[in-house]
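Visitor: Got a structure for you, questions after.
Structure representation (structure tokens):
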């Protein structure tokens with residue numbers, strides 16, 4: 004597995020883990036407020052965070068799909 008792919012998968016896993024932490028800590032927060040907080044922490048857009056959660060596009064669990072890695076070439 005390429006190093007870039009490992010880093011992307013690790014980042015995505017950490018984003019999902021952080022979401023779980025924030026939802027347990029701030030039960031009264033809306034979903035989009037938590038998404039905005041995570042986006043600020045990880046320096047990504049809110050739309051990118053949503054795509055990671057929904058496994059949309061290049062953020063999906065496509066084994067062997069290097070389309071996101073093409074961004075780094």
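In our numbering, the protein residues as written are 4 to 76. All residues carry an ideal CB built from backbone N, CA and C; glycine is no exception. A quick note: this is a predicted structure, and the numbers were derived from the prediction, not measured.
Hey, could you find the ends of the alpha helix (DSSP H) residue 12 is sitting in?
Guide: Here residue 12 refers to the residue found at position 9 when the chain shown is read from its first residue. Where residue 12 is concerned, the enclosing alpha helix (DSSP H) stretches over 6 to 28.
Visitor: To the nearest whole angstrom, what separates the beta carbons of residue 18 and residue 45, a pair I think is in contact under 8 Å?
Guide: If you number the chain shown from 1, residue 18 lands on position 15. If you number the chain shown from 1, residue 45 lands on position 42. That belief holds up - the Cβ atoms of residue 18 and residue 45 are roughly 6 Å apart, short of 8 Å.
Visitor: For the alpha helix (DSSP H) holding residue 39, just list the boundary residues, first then last.
Guide: Counting from 1 along the chain shown, the entry for residue 39 is found at position 36. From DSSP, the alpha helix (DSSP H) with residue 39 extends over 34 to 45.
Visitor: For residue 49, does the three-state DSSP call read helix, strand or coil?
Guide: By one-based count along the chain shown, residue 49 stands at place 46. Note: residue 49 maps to helix in three-state DSSP.
Visitor: Quick check on DSSP: helix, strand or coil for residue 60?
Guide: Counted from its first residue, the chain shown places residue 60 at position 57. Looking at residue 60 - three-state DSSP - the assignment turns out to be helix.
Visitor: Do residue 42 and residue 52 have their beta-carbon atoms positioned less than 7 Å apart in this structure?
Guide: Locating residue 52 in the chain shown gives position 49, counting from the first residue. Locating residue 42 in the chain shown gives position 39, counting from the first residue. Contact: yes.
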